[in-house]
Amino acid sequence: MRNFFQSHWKVIVALLLLILVAVMTLTPENAGAASTLAERMRQHVAAVASEEHNTRKPAQLERAAVYIETTLKKAGYAPSRQEYEAGGQRVRNIEVAVANVAKGKRPECIFIVGAHYDSAQGAPGANDNGSGTAAVLELARLLKTVQPAAGTEVRFVFFVNEEPPFFLGEEMGSMQHAAELKRQGLAVEGALVLETMGYYSDAAGSQKLPPGLDGQYPDTGNFIAFVGTIESSALVRQALAAFQQASDFPAQGLAAPAHTMGVTLSDHSS
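Residue numbers (the working numbering): 186 to 455.
Structure follows, in structure tokens:
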């Protein structure tokens with residue numbers, strides 16, 4: 186596996202750090218001192234996740250999708266859609282890319298930075314996953330002028346239908362996306378899926394851990410976690426190492442069997 190997190194890929198985790206710092210300011214008591222990035226993040230979260238948005242609330246889901254597309258267009262992208270039927274509704278994944286691929290050629294190397302933009306039933310989804318959606322929007326904006334290595338394409342993907350009842354089913358947005366990549370014969374070497382980044386606490390005992398991991402990781406929820414399966418252990422190590430080189434923000438890594446509670450509970454499972 187090519188090491189994506191060396192050389193210019195450190196830019197991704199360095200910018201991720203800036204976004205994490207912005208996320209930490211997304212509280213009413215800190216709103217007055219929010220940075221420009223923090224304010225942009227706040228606006229994204231408010232626009233995407235101020236109300237429940239999923240196939241039970243199709244108008245709200247459509248508003249979230251339109252906001253994402255409009256924001257990407259303002260950043261200079263031409264978003265593409267992967268549309269399909271799910272839950273009796275027409276839904277879509279949204280995608281943009283930065284690439285260094287010769288005209289008429291296929292990318293030799295694809296890397297995905299993604300997040301789901303639907304919310305769970307009964308919830309507006311500010312943390313799950315307005316925070317991840319906002320982070321990918323800002324990463325896409327900040328990386329618009331960065332040229333990847335030759336033959337490489339970085340895709341920023343906003344997945345629909347991550348939440349139940351679609352999770353791990355054929356109508357899950359990331360499953361649809363992965364199936365289309367396979368149909369086209371395109372291989373993805375790595376993916377960074379941003380999920381529930383808005384939760385942060387300095388209180389002892391605020392971090393709950395899956396069975397078997399108690400005592401192996403901090404019980405204070407003030408860190409970012411890079412999580413993957415055993416098969417992705419090299420990528421987890423690379424991402425964690427690059428992040429730690431760029432930042433002293435607390436970070437942990439976990440590569441565990443897929444059956445471990447929580448390890449595959451998002452779009453990276455696709």
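Note that CB positions come from ideal geometry on N, CA and C, so glycine has one too.
These numbers come from a predicted model, not from an experiment.
Separation of residue j from residue i, as counted between CA atoms
i    : j    : result
R422 : Y384 : 23 Å
D303 : A388 : 29 Å
Y402 : L379 : 20 Å
Q430 : V233 : 32 Å
Q274 : A250 : 14 Å
T449 : A443 : 6 Å
A260 : R277 : 20 Å
R241 : A363 : 24 Å
R248 : G400 : 43 Å
A419 : Q437 : 14 Å
F428 : G397 : 26 Å
F341 : A325 : 7 Å
S455 : H301 : 12 Å
S235 : P309 : 6 Å
V339 : A231 : 27 Å
P395 : A287 : 46 Å
F434 : F408 : 7 Å
V298 : L377 : 5 Å
Residues near residue i in its chain [Cβ-Cβ closer than 8 Å; skip 5 each side]
i    : result
E214 : For E214, the predicted structure reports a pLDDT of 45, less than 50, and the residue's modelled location is therefore unreliable. A value from the coordinates is still provided. For E214, where only same-chain residues beyond five positions count, there are no Cβ hits under 8 Å.
Which residues DSSP lists as bridging residue i, in chain order
i    : result
V440 : The displayed chain sequence assigns Ala, not Val, to residue 440. G413.
S386 : S386 pairs with nothing; no bridge assigned.
V276 : Y269
G299 : V342, V378
Proximal residues to residue i (C-beta, below 6 Å), its chain only, five neighbours per side dropped
i    : result
A305 : E348
L439 : V412
D313 : T381
Q369 : none
Simplified DSSP state of residue i, which is helix, strand or coil
i    : result
Q306 : coil
F341 : strand
Y402 : strand
G375 : strand
A282 : strand
E224 : helix
S316 : helix
D270 : The sequence given here has Glu at residue 270, not Asp. Strand, per DSSP.
Which listed residue (the options) has its alpha carbon closest to that of residue i
i    : options                : result
V373 : E293, K288, A410, E247 : E293
S386 : L377, D404, L394, G370 : D404
M357 : Q369, F343, R368       : F343
Q228 : L322, H301, I279       : L322
L371 : R326, V339, I295       : I295
N346 : S451, L366, G289, M226 : S451
F351 : A300, L246, G272, A287 : G272
Q267 : L222, Q332, Q361       : Q361
G289 : I297, G336, N239, Y252 : G336
T318 : V331, L366, I415, R225 : R225
Close Cβ partners of residue i (< 7 Å) along its chain, the five nearest in sequence each way excluded
i    : result
S391 : T405, G406
S417 : A440
Y269 : V276, Q361
A410 : Q437, L439
Q332 : N285
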